[in-house]
Amino acid sequence: MKQYATTPPPVISLPIFGCDEVFPVRRIYCVGRNYALHVREMGGDPNRSTPVFFTKSRETIVASGTTLPYPPLTKNLHYEVELVVAMAAPTEIFGYGVGLDMTRRDLQGLAKNGGKPWDMAKNFDHSAPCSALTKIANAPDINRAEIRLTNQGATQQNSTLDKMIWSVAEIIAHLNASVTLAAGDLIYTGTPDGVGPVVAGQTLVGTIDGLQKIEVSYV
Ligand code: MN
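Heads up, the sequence shown is in my numbering, so the first residue is 37 and it goes up one at a time.
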């Protein structure tokens, strides 16, 4: 039997609504620029937009109900509520969740201006809160679902999933043209307009009709 030189990392998993099993997470892909109004609020042109993919480490996952430290190296931590697609196979969807693509917006701006990678703006500790997953058989017709984010109970993001520039099927096809998706992969599918800052002492709640909510608080 193989002897590990250091303690192997734990399996990271998400709860599954109404099920005793959990979903083991493999990789996390995120889509940028997938709602026209959000592309515009970030200063871009949605008509010239092409799919932008980036990744987060699975260790950035945090469960709903978690209290989180405000992260280092930022004074402008932003929320981005997103539909999360959980994969069962390269083209087979396991289920859906609601995620927060937390972003150190000031570091992202510096990276963009400098033509440098976004990693430290996106892929930092606790940067990918995600709800419990709902199996696809129990999920609503997500194409018409509303997606919302509240901060301290006040609605900040409110849209519908049919406003995504690339549909879930198109995102999966684009990703499979570049890498091979597999069971355990999560896809954060992009955020609508209304992104903004969260500060210590505030609670974020992300919801999509018919799915489990994501709720996190910052201290
Ligand atoms: Mn995002």
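Where a beta carbon is used, it is the ideal one built from N, C-alpha and C, also for glycine.
{"Check": "Kindly examine the ligand MN and report whether one of its heavy atoms sits closer than 6 Å to the Cβ of T225.", "Outcome": "no"}
{"Check": "What residue from Q248, P60, T86 and F59 has the CA that sits closest to P176's CA?", "Outcome": "Q248"}
{"Check": "Contact between the segment 223 to 238 and the segment 121 to 136: three or more CB pairs below 8 Å?", "Outcome": "yes"}
{"Check": "Below 8 Å, how does it come out for the segment 150 to 170 and the segment 86 to 99: are there three or more Cβ pairs, yes or no?", "Outcome": "yes"}
{"Check": "For T107, which option in T243, P233, G131 and L146 has the closest C-alpha, if you only look at C-alpha atoms?", "Outcome": "Before going on, a small fix: residue 107 reads as Pro here, not Thr. The candidate whose alpha carbon is nearest that of P107 is P233."}
{"Check": "Please go through the same chain and pick out, in chain order, the residues whose beta-carbon is closer than 7 Å to the beta-carbon of E116, but skip the five residues on each side of it.", "Outcome": "L136, D137, T139, T227 and V231"}
{"Check": "Apart from the five residues just before and just after T243, which ones in its own chain have a Cβ nearer than 7 Å to its Cβ?", "Outcome": "V134, R184 and K249"}
{"Check": "In the DSSP assignment, what are the bridge partners of P60?", "Outcome": "S49"}
{"Check": "At the level of alpha carbons, what is the spacing between S195 and A181?", "Outcome": "9 Å"}
{"Check": "Would G220 and T170 be called neighbours here (beta carbons separated by less than 7 Å)?", "Outcome": "no"}
{"Check": "What residues in its chain sit with their C-beta under 6 Å from that of S100, if we drop five residues either side in the sequence?", "Outcome": "S167, I250 and E251"}
{"Check": "Can you find the residues in the same chain that come closer than 6 Å, C-beta to C-beta, to A205, ignoring five residues on each side of it along the sequence?", "Outcome": "none"}
{"Check": "With a 10 Å radius around its C-beta and 16 neighbouring C-beta atoms as the bar for buried, classify R76 as buried or exposed.", "Outcome": "exposed"}
{"Check": "Thinking just about the alpha-carbon of each residue, which of D229, Y254, A41 and P87 is nearest to the one in V67?", "Outcome": "P87"}
{"Check": "When DSSP labels each residue in this structure, what does P153 get in the three-state scheme?", "Outcome": "coil"}
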